[in-house]
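Residue numbers (this note's numbering): 13 to 65. In this text, a Cβ means the ideal position worked out from N, Cα and C, and glycines have one as well. To start, the structure under review is shown below, and the notes come after it.
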Ligand SMILES: [Zn+2]
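In structure tokens, the structure reads:
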């Protein structure tokens, strides 16, 4: 699976899963990504450290 924010591959057993009320599931490689996406609602495109396809 891949991080929902930076799109980095997450190794099994690491990272965090977040289930939205809508039923959508997000995976995060780190608390940094989780915070940026959930609390700050930032767009990954604005960050150099995120990976884009
Ligand atoms: Zn990430």
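Residue i beta carbon near ligand 1 (any heavy atom closer than 6 Å)
| i | result |
| --- | --- |
| residue 30 | no |
Beta-carbon contacts of residue i that lie in its chain and below 8 Å, excluding the five residues immediately before and after
| i | result |
| --- | --- |
| residue 36 | none |
| residue 32 | 38 |
Residues of its chain near residue i, where Cβ-Cβ distance is below 7 Å and the 5 sequence neighbours each way are ignored
| i | result |
| --- | --- |
| residue 29 | 37, 39 |
| residue 46 | 28, 30, 40 |
| residue 62 | 17, 18, 19, 56 |
| residue 54 | 48 |
| residue 21 | 14 |
Classification of residue i by the beta-carbon crowding that lies within 10 angstroms, buried from 16 upward
| i | result |
| --- | --- |
| residue 34 | exposed |
| residue 58 | exposed |
Alpha-carbon to alpha-carbon, residue j and residue i
| i | j | result |
| --- | --- | --- |
| residue 23 | residue 52 | 25 Å |
By C-beta, the residues closer than 6 Å to any heavy atom of ligand 1, given in chain order:
Output, sorted by chain position: 15, 17, 18, 20, 40, 41, 42, 45.
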